[in-house]
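Here is the structure we will look at.
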Amino acid sequence: MPLATTRLLLCLSLLAGGAATVAAPASATASPSAPQTLIHLSVAPQSGRAGRTATLTCDPAGGTHKNAAAACAELAAVGGDIQLVPPKPHVSCLQIWIPVDATATGYWRGQPIKPYSETITNDGCAAIRHGHVLDF
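Positions -23 to -1, 1 to 113 (mature numbering (1 follows the signal peptide of the UniProt record, and there is no 0)) are the ones given, in order, by the sequence shown.
Written out as structure tokens, the structure is:
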């Protein structure tokens, strides 16, 4: 093969390889990404009985949390700090001591959430203590 033809084929090969390299990242960015908000919630009775858990995702609201949209809206109002979410309005709980430990770990809009762990009077009180966040 003449030298000019070899160079031409080499250049075309490099161009084709470069085009493939440029196209690959475009398809990688088109795939769905992980949610920016993913919070793992748990409410566990201190008695040792089975507790309940849920995952909460926001933007869009989802996960296994039954009140995801309301919980995400409440968290958005306080910058993702569960402790700052106020109790559900016009709802009260019986102050019967059957303590539960509520915990949350995860990310709010891409940043680790402030560590959350709290002992609450009972499971019913936990469901209203921080709006809809622990009502799952």
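We put the beta carbon where it would ideally sit given N, CA and C, even for glycine.
Predicted, not measured: the structure shown is a model, and the values here were computed from it.
If you measure between the beta carbons of residue i and residue j, is that distance less than 9 angstroms?
i, j, result
"Val68", "Glu51", "no"
"Gly57", "Thr30", "no"
"His107", "Pro64", "yes"
If I follow the unbroken beta strand (DSSP E) through residue i, where does it start and stop?
i, result
"Asp112", "Taken as a continuous stretch (DSSP letters only), Asp112 belongs to no beta strand (DSSP E), as it is neither H nor E."
"Leu33", "Arg29 to Cys35"
"Ala21", "Thr14 to Pro22"
"Ser94", "Tyr93 to Ile97"
"Asp78", "Val77 to Trp85"
Given this structure, state the Cα-to-Cα distance separating residue i from residue j, to the nearest angstrom.
i, j, result
"Val77", "Arg86", "28 angstroms"
"Ala5", "Ile97", "With a pLDDT of 40 at Ala5, under the threshold of 50, the modelled position of that residue is not reliable, and the figure given next carries that caveat. If you take the alpha carbons of Ala5 and Ile97, they lie about 45 angstroms apart."
"Cys102", "Phe113", "13 angstroms"
"Ile90", "Ile75", "27 angstroms"
"Tyr84", "Gln23", "26 angstroms"
"Thr41", "Thr82", "15 angstroms"
"Ile105", "His17", "18 angstroms"
"Gln72", "Val55", "27 angstroms"
"Ile59", "Gln88", "14 angstroms"
"Cys70", "Asn99", "9 angstroms"
"Ala79", "Gly39", "20 angstroms"
"Ala53", "Arg26", "32 angstroms"
What are the start and end residues of the alpha helix (DSSP H) that includes residue i?
i, result
"Ala47", "Ala45 to Ala54"
Is there a Cβ of chain D sitting closer than 9 angstroms to that of residue i, yes or no?
i, result
"Glu51", "Included in the structure is just one protein chain, with no chain D present."
Would you say the beta carbon of residue i is closer than 8 angstroms to some non-hydrogen atom of the ligand FMN?
i, result
"Thr14", "Inclusion of the ligand FMN in the displayed structure is not the case, the ligand content being empty and no account of it being possible."
Exercise for review: Give a yes or no on contact between the region 28 to 35 and the region 44 to 54, applying the rule of three or more CB pairs nearer than 8 angstroms.
Suggested key: yes
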